[in-house]
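Residues in the sequence shown are numbered from 276 upward in steps of one, following the working numbering.
Glycine included, C-beta positions come from ideal geometry on N, C-alpha and C.
Notes to accompany the following structure.
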Amino acid sequence: MTNFATTTELPTPTTCGAQPSEGQTRIEVFTDGSCIGNPGHGGYGIVLLRKDADDRVIKTYEDTGYALSTTNNRMEMTAACAALEALGSVTDEPITVFCDANLIPNAMNTWLAQWKAKGWKKSNGKPVENRDLWERLERAAEGRNVTWQWVRGHNGTEHNERADRLAYAGSRKAER
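Structure (structure tokens):
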């Protein structure tokens with residue numbers, strides 16, 4: 276897999292922070308998961324964009340993967356993990372991860388801290404499903420300036436639609 280961070284032509288980020296400083300690049304990530312049957316054959320898709328201060332895309336990276344027996348939620352989460360992991364050692368650019376599964380922004384913005392404080396139990400006392408992937412996602416986000424946002428799926432958002440097509444292609448590949 277090609278590492279998104281590997282480049283020589285991009286400007287170096289200058290500071291950390293929620294907003295890029297003048298001249299600083301930022302990264303937008305679009306992720307999606309797909310499952311044919313639930314559980315069933317699954318796939319994920321990611322689209323990463325590095326943008327300059329003028330909102331121009333200066334680098335694009337896409338990837339897809341699959342699993343033979345999985346769930347839609349696991350593929351949604353795997354997409355987010357794979358996207359952040361593809362960034363390699365990039366840590367100081369602001370990163371916005373757009374997911375059309377509200378589960379991920381809700382968990383990363385609010386629920387994760389509560390689950391951990393309760394010993395990986397939900398508010399109803401039941402264990403958190405897919406703990407392995409939540410821990411992987413937390414590790415992938417560690418040390419990065421990540422903002423988690425929900426985007427409406429199948430609503431014409433260009434890069435979300437592309438991630439959806441990649442995810443579906445991955446799930447079809449798993450079928451073969």
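Own chain, CB closer than 6 Å to residue i, minus 5 neighbours either side, in chain order
i	result
residue 308	319, 347, 350, 351, 354, 442
residue 366	418, 419
residue 325	300, 302, 333, 334
residue 384	423
Backbone CA spacing between residue i and residue j [nearest angstrom]
i	j	result
residue 424	residue 450	31 Å
residue 339	residue 404	23 Å
residue 333	residue 323	11 Å
residue 360	residue 400	31 Å
residue 411	residue 356	7 Å
residue 471	residue 407	With the chain running from 276 to 451 in the structure shown, residue 471 is simply not present.
residue 396	residue 390	5 Å
Residues near residue i by beta carbon distance below 8 Å, same chain, minus five either side
i	result
residue 426	305, 373, 374, 375, 432, 435
Proximity winner among the options, relative to residue i (alpha-carbon distances)
i	options	result
residue 313	337, 344, 364, 334	344
residue 363	418, 448, 397	418
residue 331	392, 377, 301	301
residue 440	316, 381, 321	321
residue 342	336, 310, 368	310
residue 422	382, 430, 446	382
Check whether residue i and residue j have beta carbons under 8 Å apart
i	j	result
residue 370	residue 420	yes
Burial state of residue i, where buried means 16 or more other Cβ atoms lie within 10 Å
i	result
residue 398	exposed
residue 388	exposed
residue 316	buried
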